[in-house]
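Here is the structure we will look at, set down as structure tokens.
There are 2 protein chains.
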Amino acid sequence: MSPYDPSAFPPFAVTVDLVVLTVRRHALCALVVKRGEPPFQGRWALPGGFVRGDEDLAAAAARELAEETGLCAHDPGRPGVDNGAHLEQLATYGDPKRDPRMRVVSVAHLVLAPDLPAPRAGGDANSARWAPVDELLAAGDAEAPGGLAFDHAQILGDGVERARSKIEYSSLATAFCPTEFTVGELRRVYEAVWGVALDPRNFHRKVTGTPGFLVPAGGTTTRQGGRPAQLFRAGGATLLNPPMLRPEV
Amino acid sequence: MSPYDPSAFPPFAVTVDLVVLTVRRHALCALVVKRGEPPFQGRWALPGGFVRGDEDLAAAAARELAEETGLCAHDPGRPGVDNGAHLEQLATYGDPKRDPRMRVVSVAHLVLAPDLPAPRAGGDANSARWAPVDELLAAGDAEAPGGLAFDHAQILGDGVERARSKIEYSSLATAFCPTEFTVGELRRVYEAVWGVALDPRNFHRKVTGTPGFLVPAGGTTTRQGGRPAQLFRAGGATLLNPPMLRPEV
DNA sequence: CCAAAAGTGTTAGCAGTACACCCATGG
DNA sequence: CCATGGGTGTACTGCTAACACTTTTGG
């Protein structure tokens, strides 16, 4: 009963699926692509693809992300290019029946990205879109007519929940913002991800008072109207202490 | 570029590895087994094995756990038997070089178990043991002479870190205790997992004051010496609000 | 001037820390 | 009687929620 007998093992396909989240028009949105072939032809699904034979899981996720969006992800585990997007492993889904054709184990990854000009799916313009996660999750799973393909509704739900909890105790919310942003813009990110309203005064005090969370970028902007707001960049801190508190309600 | 072309995919082996943690003699310990064959013959490794062709990932982890320890795990996702042990997916490790023989993707799972009489490894008595995680992690990775095989030091470290953070905001620490336990025993679990000393008075107030964390079991015990202590069972609550606070230092 | 958004000040209340103190048992 | 661990009371402190108020722009 050796745990590793390389001669006899069942054949698996291993894929990566991506939950790519961004905040657009004050709503948390996910990237979905339209399937061009069965099963679930014409249905929306999470972007993803096979892991290559000589490729690490995180590398496969970063490659798929670049192919689908042009984004260059920053993997905290692999210091290198950082174009603002955050990438981390989410969970692995391996129900024997999750793909009707064969045994596919999918390692889902979570990507948090700033608002992008427009999605591009390998040149095919209208086969990819940003959709509010509320709509996607309300549409149900693959059993429902308009639901996401495969178990992608489950994966998306897990990714959204991860994002909602992680911005509480980490500085990850800044990954949804452009390089320079205002406190108000950061607050609208929290409000969109959590779906709540936050007190602007207390929020301002809290984020500017947490050491390492934000560093002043020097300028100001009035792009939100009203009094000019200071511009900030993400600071070096990754863990927030004390954490941001999500209102109960 | 379909993300799912079942005709051409690289062949992967998929395994589950288990980080089984318990608290013994005031120390956080992990279950390790001695490898009987190359590579890393004679080295200690995490228990694990291949996922069968028709088996879910969680089912494979529960099966391996039962084979190695006789424990019947409770998977929150699959309501059923609950013998105290907690099982959850940890993370997936897929470096192309993590197994020198072939491409193996391992879905690691985390198990939190109460202190057990003795480990049993499929009848082979001295090929499995509980080892303090401090010793295992101090021994280094597979490059070091006494380190765990493969990337299991990394996996163990991730599992320990997960356990340390999860007992902050969930009631999972009770998974380390027998069915009935005292507040002092629960406190010693926190102290062992975090490696800190906690104020017994404040701890008592905190856990008994958090609704749903503990329910009185009725009796008392003096097995720790001193004044008899009330016995409790784990309550229904899974998330603690407010959380337990891990001292900084 | 008015609306809108950015910031600052103030207060009440709550939760955590530290520690004095009492309780109930075994030896 | 004393050591040991269980359990309660209390003062102090820091964080948060709530909200009044001032600042600086655009229209």
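Protein chains in written order, with full-length UniProt numbering: chain A, 1 to 249; chain B, 1 to 249.
Glycine included, each C-beta is placed from N, C-alpha and C at the ideal position.
Which residues in chain A have a C-beta closer than 8 angstroms to the C-beta of residue i? List them in chain order.
| i | result |
| --- | --- |
| PRO211 of chain B | The premise fails here: PRO211 of chain B is roughly 14 angstroms from chain A at the closest Cβ pair, so nothing lies under 8 angstroms. |
| PRO96 of chain B | GLY53, ASP54, GLU55 and ASP56 |
| ARG103 of chain B | GLY53 |
What does the alpha-carbon distance come out to for the pair residue i and residue j?
| i | j | result |
| --- | --- | --- |
| LEU90 of chain B | VAL107 of chain B | 7 angstroms |
| PHE232 of chain A | GLU185 of chain A | 10 angstroms |
| TYR93 of chain B | ARG201 of chain A | 44 angstroms |
| PRO38 of chain A | PRO11 of chain A | 22 angstroms |
| GLU67 of chain A | LYS166 of chain B | 35 angstroms |
| PRO132 of chain B | HIS109 of chain B | 18 angstroms |
| ARG246 of chain A | CYS177 of chain A | 19 angstroms |
| GLY147 of chain A | PRO216 of chain B | 45 angstroms |
| PHE40 of chain B | ARG63 of chain A | 33 angstroms |
| PRO145 of chain B | TRP130 of chain B | 19 angstroms |
| GLN230 of chain B | ILE155 of chain B | 37 angstroms |
| GLU248 of chain A | PHE50 of chain B | 43 angstroms |
| TRP44 of chain A | LEU31 of chain A | 10 angstroms |
| ALA73 of chain B | THR22 of chain B | 14 angstroms |
| GLY42 of chain B | THR182 of chain A | 57 angstroms |
| MET102 of chain B | LEU28 of chain B | 33 angstroms |
| LEU46 of chain B | LYS97 of chain B | 18 angstroms |
| THR221 of chain B | SER171 of chain A | 46 angstroms |
| ASN241 of chain B | THR69 of chain B | 33 angstroms |
Taking residue i as the query, report the chain A residues whose CB atoms sit under 7 angstroms from its CB, ordered along the chain.
| i | result |
| --- | --- |
| THR92 of chain B | LEU57, GLN89, THR92 and VAL107 |
Are the Cβ atoms of residue i and residue j separated by less than 7 angstroms?
| i | j | result |
| --- | --- | --- |
| VAL105 of chain A | LEU65 of chain A | no |
| GLU168 of chain B | PRO243 of chain B | yes |
| ARG24 of chain A | ASP115 of chain A | yes |
| PHE150 of chain A | ALA142 of chain A | yes |
| ALA163 of chain A | HIS26 of chain A | no |
| VAL16 of chain A | ALA61 of chain A | yes |
| PHE9 of chain B | ALA13 of chain A | yes |
| GLY209 of chain B | ALA237 of chain B | no |
| VAL19 of chain A | GLY159 of chain A | yes |
| ARG187 of chain B | PHE203 of chain B | yes |
| ALA173 of chain B | VAL189 of chain B | yes |
| VAL33 of chain B | ALA153 of chain B | no |
| ALA113 of chain B | LEU87 of chain B | no |
| LEU198 of chain B | VAL207 of chain B | no |
| LEU137 of chain A | GLY157 of chain A | yes |
Count the other CB atoms, across all protein chains shown, that sit within 10 Å of the CB of residue i; report buried if there are 16 or more and exposed otherwise.
| i | result |
| --- | --- |
| LEU239 of chain B | exposed |
| ASP134 of chain B | exposed |
| ARG205 of chain B | exposed |
| GLY219 of chain A | exposed |
| GLY53 of chain A | exposed |
| PRO100 of chain B | exposed |
| GLY225 of chain A | exposed |
| ASP56 of chain B | buried |
| GLY48 of chain A | buried |
| THR179 of chain B | exposed |
| ARG35 of chain A | buried |
| ALA58 of chain B | buried |
| ARG227 of chain A | exposed |
Listing by chain order, which chain B residues have their CB less than 7 angstroms from the CB of residue i?
| i | result |
| --- | --- |
| GLY42 of chain A | Under the 7 angstroms cutoff, chain B gives no residues; its nearest Cβ is about 13 angstroms from GLY42 of chain A. |
Along chain B, in chain order, which residues have C-beta atoms closer than 8 angstroms to that of residue i?
| i | result |
| --- | --- |
| ARG188 of chain A | Per Cβ cutoff of 8 angstroms: no residues; ARG188 of chain A is ~26 angstroms from chain B at best. |
Run the proximity test for residue i: is its beta-carbon closer than 6 angstroms to any non-hydrogen atom belonging to the ligand SAM?
| i | result |
| --- | --- |
| GLY94 of chain A | Only the bare structure without any ligand can be found here, which leaves the ligand SAM out of the picture. |
If the cut-off is 8 angstroms on Cβ atoms, which residues from the region 10-30 of chain B count as contacting chain A, listed in chain order? PRO10, PRO11, PHE12, ALA13, VAL14 and THR15
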